[in-house]
Each structure stands twice: as C-alpha cells, then as structure tokens.
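Peer 1: Each step along the sequence shown adds one to the number in this note's numbering, with nothing skipped, and position 147 is 147. Where is the CB? At the ideal position from N, CA and C, for every residue including glycine. After the structure tokens below, expect a handful of questions from me.
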Amino acid sequence: MSMRMRRKRNFDERMAACGGLLLAKGTAGILNMKEAAENYRALIDFSAAFGNGNPVELEIGCGKGGFIIEKAKARPDVDFLALEKMSNVILTPMERVAAGNIPNVKFLNIRAECLPCYIPENSLEAIYLNFSTPLPKLGYASQRLTHRSFLEKYKKLLKNGGIIVQKTDDRDFFEFSLQEYAAAGFEILTADYDLHKNSHKKRKNL
C-alpha cells in the first residue's frame with residue numbers, strides 16, 4: 001500500500017499569501033541532488049532577508065513548526081531558518097508564523113542535500129535535527145540526515161564553534177548518529193539516552 005498526503009485546499013493561493021516568508025524553493029524534478037548542490041548557487045543574504053545582523057540558526061525538518069516558533073518567540077535576537085522539503089507540509093508552519101506576526105523566522109522549501117546551494121559557508125550558529133526519520137531499512141543509511149555525507153555539508157555551513165543539536169526517540173538511529181559524528185570529526189559535547197532530560201549536542205572540532 002502506498003499513501004500520499006492530500007493537497008491542502010486553496011494551496012496555491014495560501015502559499016502566495018505567505019510568499020514573503022519563503023527564501024528558497026527547490027526545483028521539482030531534479031534527479032541528481034549531488035550535482036545540483038555542487039553546481040547551483042543562489043546564496044541567501046541573511047541581513048537583507050531578516051533586516052538585521054543577528055545570528056542565524058537552522059532547523060532541518062520543521063514539520064508543523066512548533067519547535068522553531070517556540071525558539072523564535074523565546075529568542076527575538078536570533079534569526080531562524082526552517083527547512084521542510086514537502087510543500088504541502090511547510091504551508092502549515094508558514095501560516096502559523098504569518099498569523100503570529102513572528103519576524104525572525106523564514107522558510108526553505110528544499111531538500112537538505114541542497115543546503116549548500118542557498119546557505120553561505122560559515123554562517124550558521126546552530127543546526128537542529130528534531131526527530132528526523134531514522135530510515136531503518138538496510139541500504140538507506142546514506143539518506144539519513146546524520147550520515148557523514150550530510151555532516152560534511154553541515155560542517156561547512158556552521159561557524160567555528162557552531163553546534164548540531166539532535167533529538168531522536170530511535171535508539172538505533174541514536175547509536176548510528178554517534179558513530180557518524182565521530183567519523184566526521186565532530187566533538188560530542190553531550191549524549192544522553194534520556195530524551196526528556198537533555199538535548200544531544202555535537203560540535204565541530206576546531
């Protein structure tokens with residue numbers, strides 16, 4: 001059985017109404033994401049996008065936007081990017097941000113593989129990975145957001161001393177991620193098996 005999310009009613013009109021929040025939209029039908037990420041550049045000017053020089057943090061896979069909205073409200077002196085590859089999903093957090101008149105959140109409707117196309121190197125203070133899909137099937141390891149191929153991309157986007165904060169409730173994915181962070185040269189600051197006690201933070205070795 002295969003399922004596909006039903007397209008939201010009046011989708012195009014609603015997306016257009018939130019258009020000012022969308023900084024990047026991926027090109028449909030790109031087959032070779034590696035080639036796209038290596039050859040295409042449309043780097044975002046954060047100071048122009050947000051109208052300030054505040055530090056910038058990124059969440060990959062924002063879902064309904066609960067995490068990023070809470071962060072943005074609590075830290076108005078930080079600008080936040082929320083990435084979600086599915087257009088039908090990203091509409092919900094965009095509408096929530098628009099309705100709440102939250103000025104320090106913008107969105108990227110792209111795949112994580114293509115982040116280097118849009119995000120300048122050495123520009124992010126933090127990257128958040130909250131309950132990323134563990135993709136447990138054999139052969140899917142390279143598609144996990146903590147695979148070393150992704151970590152090498154994140155490493156270039158983070159500032160010196162920048163961190164990755166990951167939360168997962170999948171034990172196997174947690175163990176896999178720890179191995180990949182080590183292999184990619186990240187320093188593990190904290191690693192706690194109690195999900196509700198602490199976040200799991202990794203920092204690039206400097």
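(1) Please classify GLY51: is it buried, with 16 or more other beta-carbons within 10 angstroms of its beta-carbon, or exposed?
(2) At which residue ranges does the segment 33-72 contain complete alpha helix (DSSP H) runs of 4 or more residues, listed in the order of the chain?
(3) Would you grab the beta carbon distance between PHE209 and THR168 for me? Rounded to a whole angstrom, and I think it's under 8 Å.
(4) Measuring only the C-alpha atoms, how far is GLU13 from GLY19?
(5) If you draw a straight line from the alpha carbon of LYS8 to that of ASN88, how long is it in whole angstroms?
(6) Grab the span of the alpha helix (DSSP H) containing VAL97 for me, first residue to last.
(7) Going by beta-carbon coordinates alone, are GLU125 and GLU175 separated by less than 7 Å?
(8) Anyone know if the C-beta pair for LEU115 and LYS153 falls short of 7 Å?
(9) Taking its Cβ as the centre, do 16 or more other Cβ atoms sit within 10 Å of GLN166, making it buried, or is it exposed?
(10) Just how far apart, CA to CA, sit SER149 and GLY100?
(11) Taking the CB atoms as reference points, tell me whether ASN223 and VAL78 lie closer together than 7 Å.
(12) Between which two residues does the beta strand (DSSP E) holding ASP192 run?
(13) Quick check on this structure: which residue in ILE102, ILE188, LYS64 and LYS85 has the alpha carbon closest to the alpha carbon of GLY161?
(14) Going by beta-carbon coordinates alone, are LEU43 and LEU83 separated by less than 7 Å?
(15) Starting from GLN166, trace the beta strand (DSSP E) both ways and give me its first and last residue.
(16) Determine, using beta carbons only, whether ILE68 and GLU59 come nearer to each other than 7 Å.
(17) In this structure, does DSSP put LEU22 in helix, strand or coil?
(18) Looking at GLY63: is its Cβ nearer than 7 Å to the Cβ of ARG96?
Peer 2: Reading from the atomic positions:
(1) By 1-based counting over the sequence shown, the position of residue 51 is 51. Its Cβ having fewer than 16 others within 10 Å, GLY51 is exposed.
(2) 33-39 and 46-50
(3) In the structure as shown, the chain begins at 1 and stops at 206. Residue 209 is therefore absent and cannot be evaluated.
(4) Here residue 13 refers to the residue found at position 13 of the sequence shown. Here residue 19 refers to the residue found at position 19 of the sequence shown. Cα to Cα, the separation comes out at about 10 Å.
(5) Counting from one through the sequence shown, the residue named residue 8 turns up at place 8. Counting from one through the sequence shown, the residue named residue 88 turns up at place 88. Near 7 Å, if we compare the C-alpha coordinates of ASN88 and LYS8.
(6) Within the sequence shown, numbered from 1, the residue matching residue 97 stands at position 97. Unbroken alpha helix (DSSP H) run through VAL97: 87-100.
(7) For the purposes of this step, residue 125 is identified with residue 125 of the sequence shown, where counting begins at 1. For the purposes of this step, residue 175 is identified with residue 175 of the sequence shown, where counting begins at 1. Cβ distance not < 7 Å, so GLU125 and GLU175 don't count as in contact.
(8) Taking the sequence shown and counting its residues from 1, the one referred to as residue 115 is at position 115. Taking the sequence shown and counting its residues from 1, the one referred to as residue 153 is at position 153. Against a cut-off of 7 Å, the Cβ pair of LYS153 and LEU115 comes out as a contact.
(9) In the sequence shown, the residue the question calls residue 166 occupies position 166. Per the 10 Å Cβ criterion, buried.
(10) As a working mapping, residue 149 is identified with position 149 in the sequence shown. As a working mapping, residue 100 is identified with position 100 in the sequence shown. Answer to the nearest angstrom: the Cα atoms are 36 Å apart.
(11) In this structure the chain extends from 1 to 206, so residue 223 is not present and cannot be described.
(12) The sequence position of residue 192 within the sequence shown is 192, counting from 1. Per DSSP, ASP192 belongs to no beta strand (DSSP E) and is neither H nor E.
(13) Here residue 161 refers to the residue found at position 161 when the sequence shown is read from its first residue. Comparing Cα-Cα distances from GLY161 to each of ILE102, ILE188, LYS64 and LYS85, the minimum goes to ILE188.
(14) Start at 1 with the first residue of the sequence shown, and residue 43 comes out as number 43. Start at 1 with the first residue of the sequence shown, and residue 83 comes out as number 83. No, the Cβ-Cβ distance between LEU43 and LEU83 is not below 7 Å.
(15) Stepping through the sequence shown from its first residue, residue 166 is reached at position 166. Residues 158-167.
(16) Translated into positions along the sequence shown, residue 68 becomes position 68. Translated into positions along the sequence shown, residue 59 becomes position 59. Yes. Within cutoff.
(17) As a first step, residue 22 is located in the sequence shown; it is residue number 22 there, counting from the start. Looking at LEU22 - three-state DSSP - the assignment turns out to be strand.
(18) For the purposes of this step, residue 63 is taken as residue 63 along the sequence shown, with counting starting at 1. For the purposes of this step, residue 96 is taken as residue 96 along the sequence shown, with counting starting at 1. Not in contact: GLY63 and ARG96 (Cβ atoms no closer than 7 Å).
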